[in-house]
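K.L.:
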Amino acid sequence: MQIKGHIFKYGDDINTDVIFPGRYTYVSMSSEELATHALEDLDPLFSKEVRKGDVIVAGKNFGMGSSREQAATSLVACGIGAIIAKSFSRIFFRNAINNGLLVIIQKDVYDIAEKNDLVEIDTENGIIKVNGKVFPFSPYPAHLMDIIEAGGLLNLVKRKLHEGS
Amino acid sequence: MGKEMKKTFVEKVLNGKQGEIVEVSPDFILSHDNTRAIRDKFLKLGIDRIKDNKKPVIVLDHTIPAANEKYASNHKIIREFVNEQGIEYFYDINSKGGICHQVLSEKGFALPGAIILGADSHTTTYGAFGAFSAGIGRSEVAALWAMDSIWLRVPESIKIVIHGKPRPYISAKDIVLYIIGKIKADGALYKSIEFSGNVVEEMSIASRMVLTNMAAEMGAKNAYIMPDKKTLDYVDSIHKKAFIPVYPDEGCDYERVLEFDVSEIEPQVAFPHNVDNVRSIEDAEGIEVNQVLLGTCTNGRLEDLSRAAQVISGRRVSEHVRFLVIPASWEIYRQALKQGILSTLIDAGAVILNSGCGPCLGAHMGILAKGEKVASTSNRNFKGRMGSTEAEIYLVSPETAAATAIEGKIANPRKYL
Ligand code: SF4
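Here the protein sequences come in this chain order: A and B.
The first sequence begins at 1 in our numbering and counts up by one.
The second sequence begins at 1001 in our numbering and counts up by one.
1) If we define contact as Cβ-Cβ less than 9 angstroms, is R1153(B) a contact residue for chain A?
2) From D1249(B) to F1195(B), what distance separates their C-alpha atoms?
3) With a Cβ-Cβ cutoff of 9 angstroms, do S47(A) and E40(A) count as a contact?
4) Have a look at L34(A), I84(A), H6(A), L45(A) and flag the residue whose alpha-carbon is nearest the alpha-carbon of C78(A).
5) Could you tell me whether the segment 1392–1405 of chain B touches the segment 1315–1323 of chain B, where touching means 3 or more Cβ pairs closer than 8 angstroms?
6) Give a yes or no on whether the minimum CB-CB distance between G1019(B) and chain A is below 9 angstroms.
7) List, in order along the chain, the chain B residues whose C-beta lies closer than 9 angstroms to that of I161(A)?
8) Tell me which residues share the same chain as R159(A) and place their Cβ nearer than 7 angstroms to its Cβ, disregarding the 5 neighbours each side in the sequence.
9) Return yes when at least one heavy atom of ligand 1 lies under 8 angstroms from the C-beta of D1476(B), else no.
10) For G1439(B) and S87(A), what's the separation of their Cα atoms in angstroms?
11) Got a sec: does ligand 1 put a non-hydrogen atom nearer than 8 angstroms to the Cβ of R1380(B)?
12) Is R1039(B) helix, strand or coil when you go by DSSP?
13) From L42(A) to L1337(B), what does the alpha carbon distance come to, in whole angstroms?
14) Report the residue from G1137(B), V1010(B), D1174(B) whose alpha carbon sits nearest the alpha carbon of G1127(B).
15) What are the boundary residues of the alpha helix (DSSP H) that includes S31(A)?
16) Within 8 angstroms: the Cβ of H1273(B) and any heavy atom of ligand 2?
17) With DSSP as the reference, label E1288(B) as helix, strand or coil.
18) Counting contacts by CB-CB distance shorter than 9 angstroms, is F88(A) in contact with chain B?
19) Pull up the distance between the alpha-carbon of P136(A) and that of A142(A), whole angstroms please.
20) Can you tell me the Cβ-Cβ gap for I1183(B) and L1305(B), rounded? I've got them flagged as a contact below 8 angstroms.
21) Nearest CA to the CA of I147(A): which residue from E1023(B), L1104(B), M1365(B)?
22) For L1361(B), verify whether its CB is less than 8 angstroms away from any heavy atom of ligand 1.
23) I'd like to know if Y140(A) contacts chain B, where contact means its C-beta is closer than 9 angstroms to some C-beta of that chain.
24) Nearest-angstrom Cα distance between H37(A) and P21(A)?
25) Can you confirm whether E1202(B), when its beta carbon is compared against all beta carbons of chain A, has any partner nearer than 9 angstroms?
26) How should V1176(B) be labelled, buried or exposed, when 16 other C-beta atoms within 10 angstroms of its C-beta is the threshold for buried?
27) Going by CA-CA distance only, name the one from E1217(B), L1211(B), V1235(B), I1238(B) that's closest to G1225(B).
28) Quick check: does the Cβ of I988(B) come within less than 8 angstroms of any heavy atom belonging to ligand 1?
29) For the pair the segment 1260–1271 of chain B and the segment 1149–1167 of chain B, tell me if three or more CB-CB distances fall below 8 angstroms.
30) I'd like to know if M1(A) contacts chain B, where contact means its C-beta is closer than 9 angstroms to some C-beta of that chain.
31) Mind pulling the chain A residues with CB within less than 7 angstroms of D1186(B)?
32) Between S1105(B) and I80(A), what straight-line distance do the alpha-carbon atoms span, to the nearest angstrom?
33) For G1019(B), which of helix, strand or coil comes out of DSSP?
34) Taking the C-alpha atoms as reference points, what is the distance between M1365(B) and V109(A)?
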């Protein structure tokens, strides 16, 4: 999979409350609506500026806090292609992958990337290119890439079950 | 070369290196009242059979008996699903059940070297038996039912060594709160914790379960305690399947080793509204409470009830306090009944409730009003967890809970033991 887009950059400990506010968690929403609230309390311009394939670069512990799955699905809904962070909170990390969102642990990109820089990600070779520099990351094993390419765990399971029968 | 060969517990049990992503097929898959939501996701997959119906373990515990019609129909749909699927391990609302984590432990699912995944964050508890156990999401349980396999990232490990000679009125709860206060709620984020040291070795199985249960509150993926003779004796007559204990190699690669000497600590209290907001009891003594809760998957076992009874025996619960006691399972309920522990508590003025989660998650049986305060032996004190968002939850040990019930304000159990 190849991802190409512009960078949005945020700091450490971005919690699920600012990614997707608690006041909406029990309201059922269409994916368009979900997209309009992504990162609303951290960066009100985000949902207006973001384009399909854009990439979030962040510091440590991205996605800390509650287990709400909308933190991942709202970012998927607005077209985010990947998140590159120094580390992720555990439940967010799982929710992201299981909803088809590529999350990459890479510690060095943060220091040289700035907002709006162009970034390219090559998942097969485990390479991130930004500002003329190349950063390696451990590529996902094939079956995890399958989840992401299928657009999430349950989609993949469904496909496998029906292929098998 | 030698060094690379040494493996941590999780590297062995999950068969992969730290940071690697592996596919695993668990021994058991836990769900509780949330089985209804998981079933809905499962049915959307367009198949009608669970791949291996000997793996799900379903325990009704969160809101039992049903508090209203919504819960009742939820339970009903779960029962129908269990029948349709021929699920063998189902613990309904009867005297075989109790809180899921206690039931899985005492019915022989929590086994050394086993892999147990569950749709509940305190699934970490079974590490007290040397199992690998971790919480997962509801979609993931649905996927597991369908495919019998799931991906996991092999976490880095932190070794926590607890040594010293704790004072006689100090319990495992004080020790784990003390550690959480030091390393904080994200201190073990995504990590595997291995608890060891002379204090852990000397602990009963029930006390070890307090440590692994509360590991979830440090952000850990799982927690582990080396199985020893005590563990093997405990599971000997109850185990649901064959098992092979797994031990870390000596000299394996820990991300950090943390040492705690607990000889000098006093009872610990987690103040509202975070589990890591921990202070020593001197700062809490005298805070008036309206309710005391003794129970939950953290501290509702026989030794907890018996220690509390020891504190309160021959005394009276303060008139200003509602002292609620919930044995963690019906097995414990029965033993506490036989040993006279329940009558000691009742004679003092306690109210014994049926086994289940009760007010721990704020659904029923002891909800707090605005402005009320509770001293609770549970594991979470987030805002609104037990009712009003303007109520305050103080997390304490069973001994401190009993002393608090007597005085009507948070009290050090030292003088009663
Ligand atoms: S007793 Fe509380 S923490 Fe334990 S399983 Fe029930 S709701 Fe969760």
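Ideal Cβ positions, reconstructed from N, Cα and C, are used throughout, including at glycine.
P.N.:
Let's see:
1) Start at 1 with the first residue of the second sequence, and residue 1153(B) comes out as number 153. Yes - at least one Cβ of chain A is within 9 angstroms of the one on R1153(B).
2) Against the second sequence, residue 1249(B) aligns to sequence position 249. Against the second sequence, residue 1195(B) aligns to sequence position 195. So the alpha carbons of these two residues sit roughly 14 angstroms apart.
3) As a first step, residue 47(A) must be located in the first sequence, where it is residue number 47. As a first step, residue 40(A) must be located in the first sequence, where it is residue number 40. Yes, these two residues count as a Cβ contact at 9 angstroms.
4) Walking along the first sequence from the start, residue 78(A) turns up at place 78. Ranking the options by Cα distance to C78(A), first place goes to L34(A).
5) yes
6) Taking the first residue of the second sequence as 1, we reach residue 1019(B) at position 19. So, interface residue.
7) Locating residue 161(A) in the first sequence gives position 161, where the first residue counts as 1. Here the sequence assigns Leu to residue 161(A), which means Ile is not the residue at that position. The contacting residues are L1045, G1046, I1047, A1146, M1147.
8) On the first sequence, position 159 is the one that residue 159(A) refers to. Cβ within range, chain order: A150.
9) As shown, chain B starts at 1001 and ends at 1417. That puts residue 1476(B) outside it, with no answer to give.
10) This structure cannot settle anything about residue 1439(B), because the visible part of chain B is limited to 1001 through 1417.
11) Taking the second sequence and counting its residues from 1, the one referred to as residue 1380(B) is at position 380. Checking every heavy atom of ligand 1 against the Cβ of R1380(B), one is found closer than 8 angstroms.
12) The count along the second sequence starts at 1 and reaches residue 1039(B) at position 39. If DSSP states are grouped into helix, strand and coil, R1039(B) belongs with the helices.
13) Position 42 of the first sequence, counting from 1, holds the residue named residue 42(A). Position 337 of the second sequence, counting from 1, holds the residue named residue 1337(B). Approximately 55 angstroms, taken between the alpha carbons.
14) Taking the second sequence and counting its residues from 1, one reaches residue 1127(B) at position 127. G1127(B) has its Cα closest to that of V1010(B), out of G1137(B), V1010(B), D1174(B).
15) Indexing the first sequence from 1 puts residue 31(A) at position 31. From DSSP, the alpha helix (DSSP H) with S31(A) extends over 31–37.
16) Ligand 2 is not part of this structure, which contains only ligand 1.
17) Within the second sequence, the letter at position 288 stands for residue 1288(B). Note: E1288(B) maps to strand in three-state DSSP.
18) The sequence position of residue 88(A) within the first sequence is 88, counting from 1. Output row for F88(A): interface = yes.
19) Position 136 of the first sequence holds residue 136(A). Position 142 of the first sequence holds residue 142(A). Each residue's alpha carbon lies about 17 angstroms from the other.
20) Taking the first residue of the second sequence as position 1, residue 1183(B) is located at position 183. Taking the first residue of the second sequence as position 1, residue 1305(B) is located at position 305. Not a contact, Cβ separation roughly 29 angstroms.
21) As a first step, residue 147(A) must be located in the first sequence, where it is residue number 147. Nearest neighbour of I147(A) by Cα position, chosen from E1023(B), L1104(B), M1365(B), turns out to be E1023(B).
22) Reading the second sequence from its first residue, position 361 is the one you call residue 1361(B). Within the cutoff, so yes.
23) Counting from one through the first sequence, the residue named residue 140(A) turns up at place 140. Chain B, which has a Cβ nearer than 9 angstroms to the Cβ of Y140(A), makes this yes.
24) Taking the first sequence and counting its residues from 1, one reaches residue 37(A) at position 37. Taking the first sequence and counting its residues from 1, one reaches residue 21(A) at position 21. Roughly 8 angstroms separates the two Cα atoms.
25) In the second sequence, residue 1202(B) corresponds to position 202, counting from 1. Chain A contact via Cβ: absent.
26) Indexing the second sequence from 1 puts residue 1176(B) at position 176. Buried is the label assigned to V1176(B), since at least 16 other Cβ atoms lie within 10 Å of its Cβ.
27) Your numbering for residue 1225(B) matches position 225 in the second sequence. Going by the sequence as given, residue 1225(B) is Ile instead of Gly. Among E1217(B), L1211(B), V1235(B), I1238(B), the Cα nearest to that of I1225(B) is on L1211(B).
28) Because chain B here runs from 1001 to 1417, residue 988(B) falls outside it and cannot be looked at.
29) yes
30) Here residue 1(A) refers to the residue found at position 1 of the first sequence. So, not an interface residue.
31) Translated into the one-based positions of the second sequence, residue 1186(B) becomes position 186. Here the neighbours are N61, M64.
32) Your numbering for residue 1105(B) matches position 105 in the second sequence. Your numbering for residue 80(A) matches position 80 in the first sequence. If I take the Cα positions, the gap works out to 42 angstroms.
33) For the purposes of this step, residue 1019(B) is taken as residue 19 along the second sequence, with counting starting at 1. Correct three-state label for G1019(B): coil.
34) Looking up residue 1365(B) in the second sequence gives position 365. Looking up residue 109(A) in the first sequence gives position 109. A direct Cα-Cα distance of roughly 51 angstroms separates M1365(B) from V109(A).
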